[in-house]
């Protein structure tokens with residue numbers, strides 16, 4: 002029993018590298034999630050919905066069934082996680098059930114069962130929750146986890162930029178409200194209404210549904226749109242620089258591992274396997290990895306070569322000048338001295 | 002009296018770290034300002050305004066009262082500032098009253114009293130000034146002060162970019178005016194009118210209220226919009242790079258402090274407290290701080306370990322080769338020489 | 002025969018540097034391609050098309066003739082490529098024919114011949130394929146190849162950013178569909194229809210043909226447009242940083258070559274020629290190249306000068322202090338010692 | 002005569018730093034140019050034009066007079082330029098007259114005289130040329146010259162990015178033409194017409210005057226707008242990074258000068274003056290300059306202090322261990338040896 006649980010855990014959590022079955026299940030679940038998202042989108046097309054309505058329902062039942070089995074298996078095997086604290090049979094599982102990923106897994110299947118028990122549940126509300134299935138893909142996507150990591154590390158500066166943006170939106174919408182309210186009492190009926198204009202303008206979307214018409218309003222809109230160019234670009238710039246910084250850091254981590262692996266001059270099969278797994282985890286392309294390995298080997302051999310050369314040069318020098326190769330003393334003289342005194 | 006003044010000063014100015022009362026007052030004032038801004042916004046909604054008009058007025062009276070007390074307390078205690086030159090009882094306070102923050106504090110309460118004395122003051126004018134209360138939040142926001150600092154440091158290059166942008170707007174609006182004036186005499190009635198088009202186009206907002214229709218106008222608009230892509234992005238790019246540079250500098254400042262604190266190998270409670278306060282002032286997250294501390298400690302121990310190792314190796318070498326560990330001399334021989342001469 | 006084939010290969014593939022004929026053919030082909038693209042564009046203007054229809058057709062026949070000759074010559078001479086594996090007479094040529102550039106060369110001439118054999122082929126379909134001729138320019142453009150190289154190296158991070166963007170588009174379009182479907186059943190008829198709104202908004206194009214009108218829809222649109230500011234800028238930022246990194250790397254490659262060329266202190270005519278060719282291949286401007294050369298020479302001479310100076314200083318010191326210039330021993334004393342013992 | 006010419010040259014060309022008169026003339030000319038630009042803009046407002054028409058004309062006559070005198074004085078004194086090759090009385094002046102700045106100076110006054118001689122010259126054409134006066138400001142603006150310098154240095158990479166953008170515009174407009182031509186024969190009447198849509202969409206301006214309506218057109222527009230996000234940002238990114246690189250380089254140039262000036266430990270009045278002029282030429286703020294100076298002084302003193310400390314430590318060590326402070330020999334023993342042998 003415990004063995005089956007352990008196997009289940011490995012297949013579901015980290016199975017995609019080790020087990021062929023794990024890989025197959027990963028691909029199956031990714032396909033199922035993608036199809037689910039696709040079908041929720043297609044179902045809103047009236048023509049498609051009318052014709053394939055029954056098929057959509059059958060697929061929905063099948064999906065919920067699979068997701069339910071997946072959820073139960075995950076909860077059941079969660080206590081096998083060696084790194085976290087979900088070891089105790091009951092509380093460990095409860096703890097796991099409260100993690101964000103487990104909650105999403107629950108939320109995307111729950112409405113289906115609720116609609117069976119309680120009649121009269123809004124079908125549209127259920128559809129919204131079915132769309133959350135797209136977040137189940139996060140588990141399999143290294144880019145999503147990278148983005149979350151960047152957002153977490155840059156959270157302070159990004160929230161600072163957002164705070165400034167927020168203040169600018171308030172000031173901009175208030176100013177435009179006082180400038181345009183009389184001329185366009187409907188479009189700029191209140192400051193909250195003017196906020197819609199402010200956001201549409203400051204993000205440079207510019208639909209054109211609400212446009213200042215007074216001279217004062219146009220002057221303010223001009224100043225606001227020029228000022229917002231800088232402010233609005235701030236979170237984008239911080240996120241982009243954080244993203245590229247994180248990518249560089251992953252590269253450095255890999256370089257360090259390579260550096261350690263080639264300390265002895267060769268990369269044996271064990272080291273190669275470890276490097277390869279690391280490379281996949283960090284999301285580094287094969288070409289890059291090869292490039293890193295070769296430049297590291299080059300550096301190592303270059304350094305060794307230089308050291309050898311320097312040693313050789315010293316020894317030649319020593320021979321030529323009758324000196325100790327270590328401290329540059331005139332050895333000959335010392336020896337002669339020794340002989341002289343011993344004589 | 003002087004003690005109370007000093008306490009008032011500490012509570013209002015730097016109280017948020019030391020006094021529990023200071024922290025409470027800070028939170029109270031931030032909430033009051035936020036509510037004020039929120040209510041100015043909500044008041045413009047006709048439905049809300051009609052129903053809660055009296056409550057809004059009562060809240061306004063209450064707010065002005067608090068802000069007046071705050072203003073008087075700040076001016077009264079300003080001469081306690083040890084760093085600045087506001088020491089002389091009268092001129093020191095006048096000087097403080099002329100600082101930007103003090104002027105904002107005054108401007109947001111003054112209209113209320115003026116409207117009591119002078120009847121017939123425009124109520125809308127008063128509302129605009131009430132919105133300035135949002136700037137009172139600047140005092141409590143480290144992100145706002147960071148932005149102001151970046152703007153100050155990059156002012157030269159940003160104003161250079163704005164000057165180029167300004168020239169481009171003039172040239173663009175003139176060109177489009179001459180191209181489109183005949184075809185659309187109303188939309189492009191004059192160069193100032195064409196400027197509205199130029200700004201809306203160059204910031205890529207593109208409302209669509211004024212659009213060139215002639216072939217020549219469209220060609221010019223195409224060239225202008227492509228050229229503006231680079232020019233308009235300049236201030237944004239400079240601001241973003243300045244922002245990220247300032248964040249790095251703060252990090253370095255903190256790193257320096259950590260480096261100094263661990264010189265002796267341990268971080269005692271006094272050092273920890275100082276580091277913590279520094280961390281909060283510079284706006285560095287707890288995780289980052291821990292990361293900096295550990296990597297610094299690692300480096301320190303690594304260096305020490307290497308030094309110890311090198312020393313040890315030297316001494317072993319010396320023993321093995323009968324040499325002085327400091328200058329590599331053959332000590333034995335020297336000693337034997339000494340004995341030989343003393344014999 | 003083999004010589005002519007080799008000459009053909011050199012003229013067509015790398016001829017632009019060595020052969021005057023190769024240069025002429027390059028210019029001729031670039032002009033022909035550009036004119037082809039221009040004429041496809043002009044042909045869509047009804048007024049132009051009506052008048053010059055026959056001339057366009059004649060030019061088309063002429064172009065296809067030239068491109069056919071070019072294609073045959075390229076395939077015939079492909080086995081002369083020394084670097085790749087296209088050596089075997091038959092399979093080497095088949096292999097070459099399957100490279101992307103060769104496929105484009107074929108596709109842009111094939112429809113013409115097909116329309117002769119099979120009647121009733123859609124003329125519009127042929128025009129689309131004629132436009133692909135613009136990609137034949139890629140062969141001659143170093144900027145295009147630079148971009149492709151950058152795209153290839155950054156493909157992982159760019160596809161990660163695109164995946165996140167894709168998920169955000171799905172979530173945004175679904176949310177706005179549920180918020181606006183009832184109020185605007187035509188504009189937001191389905192999620193795929195809402196996707197059009199989402200993309201237009203998130204890229205900040207903002208045509209204004211589909212705009213949310215409900216309060217909930219406007220709030221969602223505001224959040225989506227602010228969030229997309231950062232996500233949408235990610236691929237752009239990664240591409241830009243990759244581009245500037247690639248340019249720097251090219252510069253470094255050139256600097257290394259310069260460094261090696263001036264090892265002996267002078268740049269002879271052979272080295273100059275090699276550097277010049279390298280410079281053109283890497284797309285470095287003449288000014289930059291001159292700058293790199295001079296700063297390298299300066300550094301070289303500076304270092305040599307410093308080394309000479311240090312040596313000189315040591316020798317002067319030695320003379321002044323009666324010391325061995327190599328190990329700082331008091332030579333005089335040693336000599337006196339020697340004399341003393343030999344006396 | 003020659004003296005007056007030299008004075009004229011100094012006042013006009015580099016006078017703003019040395020001569021009070023030069024400064025005054027600079028300010029006067031900048032004001033005159035700015036007023037000219039302002040009046041050309043205002044003149045297009047019908048209400049202003051009607052009322053102040055005569056005043057505008059008088060100001061125009063006055064401006065042309067001044068600009069004519071300025072132009073003659075510049076040409077006359079151009080041969081005083083010590084750096085360039087305009088020394089020969091006649092050809093030197095002709096050469097100067099062909100420089101871009103001199104041509105602008107001529108073009109902005111020429112139409113006025115032409116309209117006097119030749120009647121019937123289009124007044125609107127004259128106005129366009131009057132607007133070129135804005136470029137006379139370039140002479141006085143360090144930001145404009147910085148931008149031109151960056152554009153010149155990055156010209157290769159920016160033109161590469163523009164070439165890619167150009168190809169994308171052609172492909173995008175052709176694709177949308179074939180997709181939308183049938184559905185909207187007027188809006189997408191030809192590929193050149195579709196180019197207007199492509200540029201408006203790819204720069205994310207998005208007026209909304211031409212919008213794809215077919216499903217195929219919308220899909221293509223979506224792909225194009227997402228792809229253009231990266232391509233369009235390329236020139237902007239390159240320009241921004243070039244700008245910030247140029248600013249850093251100016252800073253480094255200044256730092257080098259400071260470094261040289263403080264070699265002797267003090268900054269005398271001559272050095273201070275030179276540094277100040279350099280600072281203004283390079284456009285570095287006073288604060289930055291002070292910061293650079295102090296950090297350089299600090300570094301210098303720190304290094305000296307460390308060197309002194311190391312020397313002191315060595316000497317103490319030597320005294321403690323009876324060793325020569327220079328080569329670590331046991332001096333005492335040597336001396337005793339000497340005495341021993343002399344004894």
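Protein chains in written order, with our numbering: chain A, 2 to 344; chain B, 2 to 344; chain C, 2 to 344; chain D, 2 to 344. Glycine included, each C-beta is placed from N, C-alpha and C at the ideal position.
Next item on the list: Could you pull out every unbroken alpha helix (DSSP H) segment of at least 4 residues lying fully inside the segment 250-297 of chain B, listed in chain order?
Entry: Listed in chain order, the alpha helix (DSSP H) runs fully inside the segment 250-297 of chain B are 270-283, counting runs of at least 4 residues.
Notebook entry, point to check: Exposed or buried, residue 196 (chain D), counting other C-beta atoms within 10 Å across all chains shown (16 or more means buried)?
Noted result: So residue 196 (chain D) ends up on the buried side.
Item checked: Within the segment 93-149 of chain A, ranges of the beta strand (DSSP E) (whole runs, at least 3 residues) -> Unbroken beta strand (DSSP E) stretches of 3 residues or longer found wholly inside the segment 93-149 of chain A: none.
Margin query: To be precise: take each residue of the segment 163-194 of chain C, compare its Cβ to all Cβ atoms of chain A, and keep it if any distance is under 7 Å. Which residues remain?
Written below: Correct list: 164, 165, 168, 171, 172, 175, 178, 179, 191, 192 and 193.
Notebook entry, point to check: Quick check: the segment 251-258 of chain D against the segment 271-288 of chain D, are there 3 or more CB pairs under 8 Å?
Noted result: Yes, the segment 251-258 of chain D touches the segment 271-288 of chain D.
Notebook entry, point to check: Three or more beta-carbon pairs under 8 Å between the segment 206-226 of chain D and the segment 172-182 of chain D, yes or no?
Noted result: Look at the beta carbons and you see the segment 206-226 of chain D touching the segment 172-182 of chain D: at least three pairs across the two are nearer than 8 Å.
Notebook entry, point to check: Could you give the residue range of the alpha helix (DSSP H) that holds residue 61 (chain C)?
Noted result: Counting along the chain, the alpha helix (DSSP H) containing residue 61 (chain C) begins and ends at 47-78.
Notebook entry, point to check: What are the boundary residues of the alpha helix (DSSP H) that includes residue 160 (chain D)?
Noted result: Taken as a continuous stretch (DSSP letters only), the alpha helix (DSSP H) holding residue 160 (chain D) covers 156-181.
Margin query: Using beta carbons (cut-off 8 Å, strictly below), is residue 243 (chain C) in contact with chain B?
Written below: Judged by the 8 Å Cβ criterion, residue 243 (chain C) is not in contact with chain B.
Item checked: Neighbouring residues, chain A, relative to residue 231 (chain D) (Cβ below 7 Å) -> Result: empty, since nearest Cβ-Cβ is about 12 Å, beyond 7 Å.
Next item on the list: Say whether chain A places a C-beta atom closer than 8 Å to the C-beta of residue 141 (chain B).
Entry: For residue 141 (chain B), the answer is no, since every Cβ of chain A falls outside 8 Å of its Cβ.
Checklist line | Of the residues A:41, A:243 and A:79, the one placed nearest residue 6 (chain A), counting alpha carbons only | finding: It is A:79 whose Cα lies nearest to the Cα of residue 6 (chain A).
Item checked: Exposure label - residue 225 (chain A); buried when at least 16 CB within 10 Å -> Residue environment for residue 225 (chain A): buried (at least 16 other C-beta atoms within 10 angstroms of its C-beta).
Margin query: Let me confirm a value: residue 345 (chain B) is counted as buried when at least 16 other C-beta atoms fall within 10 Å, else exposed. Which label applies?
Written below: For residue 345 (chain B) there is no data in the structure shown, the boundaries of chain B being 2 and 344.
Notebook entry, point to check: What residues in the segment 192-226 of chain C bring their beta carbon closer than 9 Å to a beta carbon of chain B?
Noted result: Closer than 9 Å at the C-beta level to chain B, one finds these residues of the segment 192-226 of chain C: 205, 206, 207, 208 and 209.
Notebook entry, point to check: Can you tell me the Cα-Cα spacing of residue 344 (chain D) and residue 300 (chain B), whole angstroms?
Noted result: Interpretation of residue 344 (chain D) is limited by its pLDDT of 38, a score under 50 that renders its predicted location unreliable; no figure is taken from the coordinates.
Item checked: CB contact flag (residue 204 (chain B), residue 233 (chain B), <8 Å) -> It is a contact, given that the beta carbons lie within the stated cut-off.
Checklist line | Rounded C-alpha distance that separates residue 163 (chain D) from residue 227 (chain B) | finding: About 9 Å.
Note to self: Assess contact between the segment 136-148 of chain A and the segment 101-121 of chain A, defined as three or more Cβ pairs (one per stretch) separated by less than 8 Å. Is contact present?
What the structure shows: Under the 8 Å Cβ criterion, the segment 136-148 of chain A counts as touching the segment 101-121 of chain A, having at least three qualifying pairs.
Next item on the list: Would you tell me roughly how many angstroms separate the C-alpha atoms of residue 185 (chain C) and residue 174 (chain A), rounded to the nearest one?
Entry: Near 26 Å, if we compare the C-alpha coordinates of residue 174 (chain A) and residue 185 (chain C).
Next item on the list: Assign residue 27 (chain C) to one of three DSSP states: helix, strand, or coil.
Entry: Helix.
Next item on the list: Verify the CB distance criterion: does residue 158 (chain B) have a CB-CB separation below 8 Å to chain D?
Entry: So, interface residue.
Margin query: At the level of alpha carbons, what is the spacing between residue 143 (chain A) and residue 25 (chain A)?
Written below: Distance between the alpha carbons of residue 143 (chain A) and residue 25 (chain A) is about 18 Å.
Notebook entry, point to check: Just how far apart, CA to CA, sit residue 60 (chain A) and residue 42 (chain C)?
Noted result: Going by C-alpha positions, residue 60 (chain A) is about 48 Å away from residue 42 (chain C).
Next item on the list: Return the residue from the list C:34, C:294, C:193 and C:250 that minimises the CA-CA distance to residue 269 (chain C).
Entry: Residue C:294 is the option with its Cα nearest to residue 269 (chain C).
Note to self: What would DSSP say about residue 11 (chain B), mapped onto helix, strand or coil?
What the structure shows: In this structure, residue 11 (chain B) counts as helix in the three-state DSSP scheme.
Note to self: Counting beta carbon pairs with one atom in the segment 43-62 of chain C and one in the segment 88-102 of chain C, are three or more of them shorter than 8 Å?
What the structure shows: In the pairwise beta carbon analysis, the segment 88-102 of chain C is classified as not touching the segment 43-62 of chain C: fewer than three pairs are separated by under 8 Å.
Check: If we ignore side chains and look at the alpha-carbon of each, how far apart do residue 98 (chain B) and residue 13 (chain B) end up?
Finding: One C-alpha to the other measures close to 15 Å.
Notebook entry, point to check: At what residues does the alpha helix (DSSP H) containing residue 184 (chain A) begin and finish?
Noted result: That residue, residue 184 (chain A), is in no alpha helix (DSSP H); it is neither H nor E in DSSP.
Check: Quick one: Cα of residue 132 (chain B) to Cα of residue 290 (chain D), how far?
Finding: If I take the Cα positions, the gap works out to 39 Å.
Margin query: Is residue 93 (chain D) close to chain C? Criterion is C-beta to C-beta, closer than 8 Å.
Written below: Answer no: the Cβ-Cβ gap between residue 93 (chain D) and chain C never drops below 8 Å.
Checklist line | Identity of the residue in D:44, D:53 and D:242 nearest residue 249 (chain C) by Cα | finding: Looking at the Cα atoms, D:242 is the closest of the given residues.
Next item on the list: Output the distance between the C-alpha atoms of residue 11 (chain A) and residue 23 (chain A), rounded to the nearest integer angstrom.
Entry: Between residue 11 (chain A) and residue 23 (chain A), the C-alpha separation is close to 8 Å.
Checklist line | Nonlocal neighbours in the same chain, by C-beta distance under 8 Å from residue 35 (chain A), ignoring five residues either side | finding: Only 138 meet the Cβ criterion.
Margin query: Could you compute how far the alpha carbon of residue 70 (chain C) sits from the alpha carbon of residue 113 (chain C)?
Written below: Straight-line measurement puts the Cα of residue 113 (chain C) at about 14 Å from the Cα of residue 70 (chain C).
Check: Going by alpha carbons, who is nearest to residue 240 (chain D) out of D:258, D:49 and D:154?
Finding: For residue 240 (chain D), the closest of D:258, D:49 and D:154 by C-alpha to C-alpha distance is D:154.
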